[in-house]
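In this note's numbering, the protein residues as written are 985 to 1298.
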């Protein structure tokens, strides 16, 4: 179970990370060449002493950021998100942001930035294929709340992040395997968190398959481009662009999934055509039949009539 920390525990997490970060050289990445992370991640203590604005920022790999002092404001696709000291959030890859780093009254903006490399994501995908497949096949819209970068902190995630940062700060050969283990664990925990859709998109080889899984698992929903984007935790414009990159449109994707399910059900004896129409998200049998004819150049009843003793109507 994903237990969420209370306010006091959240403050303790912030204090422990802040303390460990004192031993990191500001703006000097512990990079892929460092034995402590072995090409799996990069840890940086970002320090800014005057307000900084960065426009059209994009990242090649997901970044997990913990604000230690000051405020970060992120502008993305017309939305504004503000993160203060103690907040944990993700900057996903394949997005473009404008950001403002605002120092605190102490004169500094400080954040720990953990960049998760493609090597790390590939390792998790190869080591835990059953987890990735299960997550992608069973994603639903049940609890989606729209586009959000903020990470809900859990006991396990907080503990693992603290141990990782301390392991990198106090780098020894004995810490090497533990650091690698902690990095993998962080990815797995994020895949169970409220930002799991963004992590799945980073780790999964085919974005369109994730979109298909959401639709396939809830065909009867009133799908729209906006609703699918919310379920994927991305903006509608980003979803539209990514589908275009895969030579797909939202309508094409929806039709393919609904018509594939309809054809499958029509060759089985369990539901009437009216019931199949409802399962596939159509309010009326006539609308379903019209769409089916346009897609397959066949009537649903023609397919059903090939199978004797099947119910042909509701």
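C-beta: ideal position from N, C-alpha, C; glycine also.
Taking all protein chains shown into account, do 16 or more other C-beta atoms lie within 10 angstroms of the C-beta of residue 992, making it buried, or fewer, making it exposed? Under a 10 Å Cβ-count criterion, residue 992 is classified as exposed, with fewer than 16 other Cβ atoms of the shown protein chains found around its own Cβ.
Check whether the Cβ atoms of residue 1061 and residue 1221 lie closer than 7 angstroms to each other. Result yes, Cβ atoms of residue 1061 and residue 1221 sit closer than 7 angstroms.
Among 1046, 1048, 1082 and 1284, the one whose alpha carbon lies nearest that of residue 1038: The residue from 1046, 1048, 1082 and 1284 with its alpha-carbon nearest to that of residue 1038 is 1082.
Please classify residue 1241 as buried or exposed, where buried requires at least 16 other C-beta atoms within 10 Å of its C-beta. Residue 1241 comes out buried.
Could you tell me which residues DSSP pairs with residue 1134 in its beta bridges? Answer is 1073.
Span separating the alpha-carbon of residue 1017 from that of residue 1152: The predicted model places residue 1017 with a pLDDT of 46, which falls under 50 and marks its position as unreliable; any figure quoted below should be read in that light. In a straight line, the C-alpha of residue 1017 is about 13 angstroms away from that of residue 1152.
Residue 1089 versus residue 1071 - alpha carbon distance: Going by the C-alpha atoms only, they are around 17 angstroms apart.
What three-state label does DSSP hand residue 1143 in the structure shown? Residue 1143 falls in the helix class under three-state DSSP.
Check this for me: beta carbons of residue 1010 and residue 1031, under 7 angstroms apart or not? Yes, the pair counts as a contact, with Cβ atoms nearer than the cut-off.
Cα separation between residue 1272 and residue 1199? Take the alpha-carbon of residue 1272 and the one of residue 1199: they are about 17 angstroms apart.
Of the residues 1233, 1219, 1278 and 1186, which one's Cα is nearest the Cα of residue 1064? Nearest option by C-alpha distance: 1219.
Validate contact between the stretch 1169-1176 and the stretch 1139-1148 using beta carbons, cut 8 angstroms, 3 pairs: Yes, the stretch 1169-1176 is in contact with the stretch 1139-1148.
Return the residue from the list 1046, 1188, 1034 and 1077 that minimises the CA-CA distance to residue 1056. Checking every option, the nearest Cα to that of residue 1056 belongs to 1034.
Got a sec? Which residues, its chain only, sit under 7 angstroms from residue 1169 by beta carbon, not counting five neighbours each side? Same-chain partners within the cutoff: 1144.
Could you pull the start and end residues of the alpha helix (DSSP H) that residue 1103 belongs to? Per DSSP, the continuous alpha helix (DSSP H) segment holding residue 1103 begins and ends at 1102-1111.
Cβ-Cβ separation, residue 1195 to residue 1237 (assumed contact under 8 angstroms), whole Å: Contact between residue 1237 and residue 1195 is confirmed by a C-beta separation of about 6 angstroms, below the 8 angstroms threshold.
Whole alpha helix (DSSP H) runs in the stretch 992-1031 with 4 or more residues, listed along the chain? Those alpha helix (DSSP H) runs which fall completely within the stretch 992-1031 and span 4+ residues do not exist here.
Taking residue 1248 as part of the alpha helix (DSSP H), name the residues at either end of that continuous run. That run of the alpha helix (DSSP H) goes 1234-1250.
Straight-line Cα distance separating residue 1086 from residue 1184: So the alpha carbons of these two residues sit roughly 31 angstroms apart.
For the candidate residues 1197, 1262 and 1206, whose alpha-carbon lies nearest to that of residue 1216? Distance check between residue 1216 and each of 1197, 1262 and 1206 places 1197 closest, using alpha-carbon atoms only.
Alpha carbon to alpha carbon, how far is residue 1101 from residue 1058? Near 22 angstroms, if we compare the C-alpha coordinates of residue 1058 and residue 1101.
Can the beta-carbon of residue 1027 be found less than 7 angstroms from the beta-carbon of residue 1104? Not in contact: residue 1027 and residue 1104 (Cβ atoms no closer than 7 angstroms).
Given a cut-off of 7 angstroms on the beta-carbon distance, is the pair residue 1133 and residue 1073 in contact? Taking C-beta atoms as the reference points, residue 1133 and residue 1073 count as a pair closer than 7 angstroms.
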